[in-house]
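In UniProt numbering, the protein residues as written are 1 to 543. Yeah, the Cβ is synthetic: ideal placement off N, Cα and C, and Gly gets one too. What you are looking at is a predicted structure, and each value in this text was computed from that prediction instead of being measured. Input: a single structure, listed below in C-alpha cells.
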C-alpha cells in the first residue's frame, strides 16, 4: 500500500477474514455426509435451486390464476403506456452515493469504490445506459445474476443446510440501477404505519415499544386481558411468488413503465453458490426476493402489506386509545395483539387466508401465544387457538425482535428503557423544565453540575461514571473489534455520534459481516442504558 493507514488495514482484514461458516466440517444432504468443499458447494447449490422452485402446499390456486390474468392485462397496458421520465445526471450521482463502501468485489471484480472515486467518468455513461434500458424495456443478463453465500443462522447446527440463510451478492452496476429506480417505486406506496422494518426514520425498537406500551396500558388503565401471538413464516423472503408480487406492486405503484422494468428484472434470474472459495454452476430462480438485494426489502413490504391493511380495516386487534396497534411488524416478524381470545382467532384466520393466497407457509410449531395480562376470571387451560388445523396453546414466553415476552415476569425492562430513550419518552430534568415552561429546573439532580439532557445522562453525568465506564468500555471494545479502529476514529468523533450508537446502532449494519454482530452491539448498548437508568433511580431515591 502506498499510503498505509489503520482504516485501510482493518478494511483489508475484514474483507479477507474467514467466516465462521467455514467451521462446518461436514454438511448433510439426504442422510449423506459431505466433507470436501466441492461436494458441500454442490449440495448448497441443489438446496437453493430447490428452494427457488415454487411448491404447491395446498395454496389458493384460484387466486394465483386470477393474478396471472391480471398480470397479462397489466403487461398489455404497459406496452401502450408512455415512457417514464428520463433519469438525470443527478439521479445517478445520488444513487452512487448510496452504495456502501468497504464491501467485497462482485463477480465482475468491481466494488462501490470504483464508481464513487470516478463519478465524472462513469455518471454520464450510466445516465445514458439506464435511460436506454428504460426506453427499450430490456434488462441486461448481468443485472439478473447473483452469487449466494450461505450464512449460518445464530445458534443453529452447521451441518444442516436448512439452518443457513442465502445472502446474495449482485453486480454493483445492478445495485446501482436498483438504487436509481427505488425512489420512484416508493412514491405512491401506502405502507402500513405498523410496518417498522427497512423504513427510513423507523426502528424495529418502535415495534417492541408498542407491545411494551400495550402491556402497560392494560395493566394500569383498562385492566383488560392482553394476548400476544407471534407468527413465524417459513423461508419468507425465499418463497415470494413473482406473479403475486407483481400483482400487488401494480396496485401500489400504478406506474406502468416501472412495473414493466421490475417484471423484466425478475424474469430469468440466475444464481451461483459460493462456499469455501468454491463456486457452483448457475441455476434458475423462479421465486423469492434476494436477501441482500436493494429492491428486496421494499418488494417484500409490498408483498405483506395487504395483510396488515386488512387487519386494520376490519378493526381486528388492540387499540391504545383510538390508535390501532393490533399488528406491530418488522419485515416478516409479525405480532398480533388483542384483549379478546375470539378476536385473536379471527386475526389468525385472516393471516392463514392471506398465507394461502400468498403461497406462504406459517410454521405452527414456531407460532407462539403468550398471555401478557391475565385477569383472575380467565382460566389459562381454557385458552387455545387454531392455525389452520393446528392448535396453538398459551406458552410461557416467546422471543419477538430479540426481546423475551413472558406471561409472568418479562425480562425486557432493560429493552424498554432504551426504547424510551430512542422515542424521547424517557423523562429527564430538561424535559420537566420544558414541560413546566421553565418553572422547574433542568439541573441534574444526581450530580448538580449541569442540565440533564440525553447527552448528560448517557455520556457526562459524573454521578453515573462507574456504570458508564464499565458498560461503555465493553460496547466500544466490541464495536472496534468488528469495524476497526480506523472507522471508529473516523465516524465517532462527537457526542451525537456516540448517542446514535447507543440508542439505535442499526446504521452500522452495512459495515458488519452479519446480523449477529449487530445483535450483540444492541445488547451491549441496551445493558448500558439500563445500568445507567438503575443507578440514576437509586441516586434519586436516596435524595
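| Check | Outcome |
| --- | --- |
| Going by DSSP, which residues form a beta bridge with residue 271? | 146 and 283 |
| Note down the Cα distance separating residue 285 from residue 240, rounded to an integer number of angstroms. | 11 Å |
| Nearest to residue 373 by alpha carbon, out of 93, 353, 474 and 227? | 227 |
| By how many angstroms is the C-alpha of residue 396 removed from the C-alpha of residue 555? | This structure gives no information on residue 555, because the portion of the chain shown stretches from 1 to 543. |
| In this structure, does DSSP put residue 394 in helix, strand or coil? | strand |
| Go through the segment 16 to 98 residue by residue and report every complete run of the alpha helix (DSSP H) that reaches 4 residues or more, in order. | 37 to 51, 61 to 80 and 89 to 98 |
| Considering only the alpha carbon of each residue, which of 331, 351, 319 and 329 lies closest to residue 338? | 319 |
| Looking only at C-alpha atoms, which of 236, 435, 382 and 279 sits nearest to residue 40? | 279 |
| Based on Cα-Cα distance, which residue from 467, 104, 485 and 232 lies nearest to residue 539? | 467 |
| Does the segment 328 to 337 come into contact with the segment 230 to 245, if we say contact requires no fewer than three beta-carbon pairs (one atom in each stretch) closer than 8 Å? | yes |
| For residue 169, which three-state DSSP category applies? | strand |
| How far does the alpha helix (DSSP H) with residue 506 in it extend, from its first residue to its last? | Unbroken run through residue 506: none, as it is neither H nor E. |
| So, do the segment 268 to 275 and the segment 299 to 314 have three or more beta carbon pairs nearer to each other than 8 Å? | no |
| Less than 8 Å between the beta carbons of residue 427 and residue 204, yes or no? | no |
| Please indicate yes or no: does the CB of residue 232 lie closer than 7 Å to some heavy atom of the ligand ZN? | Absence of the ligand ZN is noted for the structure shown, with no ligands found whatsoever. |
| Identify which residue in 486, 329, 363 and 359 has its Cα closest to the Cα of residue 61. | 359 |
| Give the DSSP bridge partners of residue 405, in chain order. | 398 |
| Assuming residue 87 contacts residue 38 (C-beta within less than 8 Å), just tell me the rounded distance between them. | Wrong, their Cβ atoms sit about 43 Å apart, outside the cutoff. |
| How far does the beta strand (DSSP E) with residue 237 in it reach, from first residue to last? | First-last for residue 237: undefined, no H or E at that position. |
| If you run the structure through DSSP and keep just helix, strand and coil, what is residue 441? | coil |
| Nearest-angstrom Cα distance between residue 22 and residue 164? | Low per-residue confidence applies at residue 22: pLDDT is 46, beneath 50, and the placement is therefore not dependable, though the value from the model is reported in the following sentence. The straight-line gap from Cα to Cα measures roughly 12 Å. |
| Pop quiz: residue 511 and residue 102 are said to be a contact at Cβ under 8 Å. What is the actual Cβ separation, rounded to whole angstroms? | 7 Å |
| Any idea if residue 64 is buried or exposed, counting beta-carbon neighbours within 10 angstroms, 16 or more meaning buried? | buried |
| Considering only residues of the same chain and omitting the five flanking positions on each side of residue 492, which have a CB-CB separation below 8 Å? | 498 and 501 |
| What is the C-beta distance between residue 258 and residue 76, in whole angstroms, given that I count them as a contact (C-beta under 8 Å)? | Not quite, the Cβ-Cβ distance comes to about 16 Å (not below 8 Å), so this is no contact. |
| State the DSSP-derived secondary structure class of residue 289, mapped to helix, strand or coil. | coil |
| Going straight from the alpha carbon of residue 385 to that of residue 328, what length do you get? | 20 Å |
| Within the continuous beta strand (DSSP E) that includes residue 196, where are the two ends? | Careful: residue 196 lies outside any beta strand (DSSP E) and carries neither H nor E. |
| If we ignore side chains and look at the alpha-carbon of each, how far apart do residue 544 and residue 175 end up? | Look at the range of the chain in this structure, 1 to 543, and you will see that residue 544 is not part of it. |
| Assuming residue 453 and residue 430 make a contact with CB atoms under 8 Å, what is their CB distance in whole Å? | 4 Å |
| Taking its Cβ as the centre, do 16 or more other Cβ atoms sit within 10 Å of residue 138, making it buried, or is it exposed? | exposed |
| List the residues that DSSP assigns as beta-bridge partners of residue 451. | 443 |
| Does the separation of the CB atoms of residue 161 and residue 47 fall below 8 Å? | yes |
| Taking C-alpha atoms, which residue in 185, 168, 317 and 381 lies nearest to residue 214? | 317 |
| When burial is assigned at 16 or more other CB atoms within 10 Å of the CB, is residue 43 buried or exposed? | buried |
| Just reading off the beta strand (DSSP E) that residue 130 is part of, what are its end residues? | Not the beta strand (DSSP E): residue 130 falls in the alpha helix (DSSP H), residues 119 to 136. |
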